[in-house]
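Each remark here refers to the structure printed beneath this line.
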Ligand SMILES: [Zn+2]
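In this note's numbering, the protein residues as written are 16 to 269.
Below, the structure written as structure tokens:
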């Protein structure tokens with residue numbers, strides 16, 4: 016019988032009957048995959064307690080037969096990320112990122128760039144060297160780019176005037192258009208957020224180049240605030256719904 020094996024990160028786990036779990040993994044080779052883990056709930060021997068949220072595992076699973084879910088056959092723990100699950104704030108951030116992936120990525124659509132991004136921000140979150148807020152900006156900017164919803168921060172969305180040519184220090188971001196608007200075009204913009212040019216440049220740095228470099232960017236408190244305000248409004252607006260975990264994250268932040 017054909018089987019697949021792949022590195023995978025646990026996105027979601029729900030109880031199924033008295034004995035089983037249904038687990039959604041974000042796999043490196045096949046994107047998002049939901050599997051049934053038989054007897055995982057009752058028997059500690061079966062998967063020896065390693066099926067925990069955000070863990071990185073090497074998994075082996077069967078192919079789909081009929082209407083049932085494929086069965087998880089083997090799992091080897093590669094990275095437990097136990098410090099994330101032990102901390103409610105870290106858990107809230109990781110849950111938000113996992114929800115974005117789970118809600119907007121198609122099943123069995125390979126997304127290796129997003130896989131490595133998620134793995135990398137979880138690594139940093141577990142280590143605790145970078146502020147969670149900066150990591151969340153990094154994840155969201157790159158997630159939006161991968162899912163084709165990047166905010167347009169390079170030019171006026173209406174007249175296409177380049178960012179460098181916009182002379183004002185405070186620039187309007189139009190939520191409906193998903194991009195900047197210059198001083199000549201900014202009348203009648205109802206859903207607006209103001210960003211300084213410095214913030215825009217820092218967000219653009221986050222969005223490009225390799226992850227190691229992006230992680231070294233030091234945000235000023237103002238840029239951090241403006242960046243978070245922008246993404247808090249922009250991500251739900253452009254994805255068309257409010258992620259459930261975002262509400263929890265807001266409560267924790269305040
Ligand atoms: Zn313009």
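From the three backbone atoms N, C-alpha and C, an ideal C-beta is built for every residue, glycine too.
Host beta strand (DSSP E) of residue 94 (start-end): 87-94
Runs of alpha helix (DSSP H) wholly within the segment 126-150 (minimum 4 residues, chain order): 127-142
Three-way DSSP call (helix, strand, coil) for residue 110 in this model: helix
Buried versus exposed call for residue 174 [16 or more other C-beta atoms within 10 Å across all chains shown]: exposed
N- and C-terminal bounds of the alpha helix (DSSP H) containing residue 61: 59-62
CA-to-CA distance, residue 207 to residue 151, given in whole angstroms: 22 Å
Cβ contact check for the segment 136-153 and the segment 226-246: 3 or more pairs under 8 Å: yes
Segment contact flag, the segment 154-166 with the segment 241-258, C-beta cutoff 8 Å, min 3 pairs: yes
Alpha carbon of residue 171 to alpha carbon of residue 31, nearest angstrom: 50 Å
Where residue 30 falls: helix, strand or coil (DSSP): strand
Helix, strand or coil at residue 258 according to DSSP, with G and I counted as helix: coil
Environment of residue 82 [buried if 16+ CB atoms lie within 10 Å]: exposed
Bridge partner(s) assigned by DSSP for residue 182: Beta-bridge pairing links residue 182 to no other residue.
Touch test, the segment 108-120 against the segment 57-66, Cβ-Cβ under 8 Å, three pairs minimum: no
Meets three-Cβ-pair contact criterion under 8 Å: the segment 118-133 and the segment 210-221: no
Any non-hydrogen atom of ligand 1 within 6 Å of residue 103 CB: no
Residues near residue 52 by beta carbon distance below 7 Å, same chain, minus five either side: 35, 36, 38, 62, 66, 87
Residue 173 CB to nearest heavy atom of ligand 1 below 6 Å: yes
Short Cβ contact (7 Å threshold) for residue 240 with residue 209: no
Closest Cα partner of residue 56 within the set 116, 28, 200: 28
Any non-hydrogen atom of ligand 3 within 6 Å of residue 199 CB: Absent from the structure shown: ligand 3. Ligands present: ligand 1.
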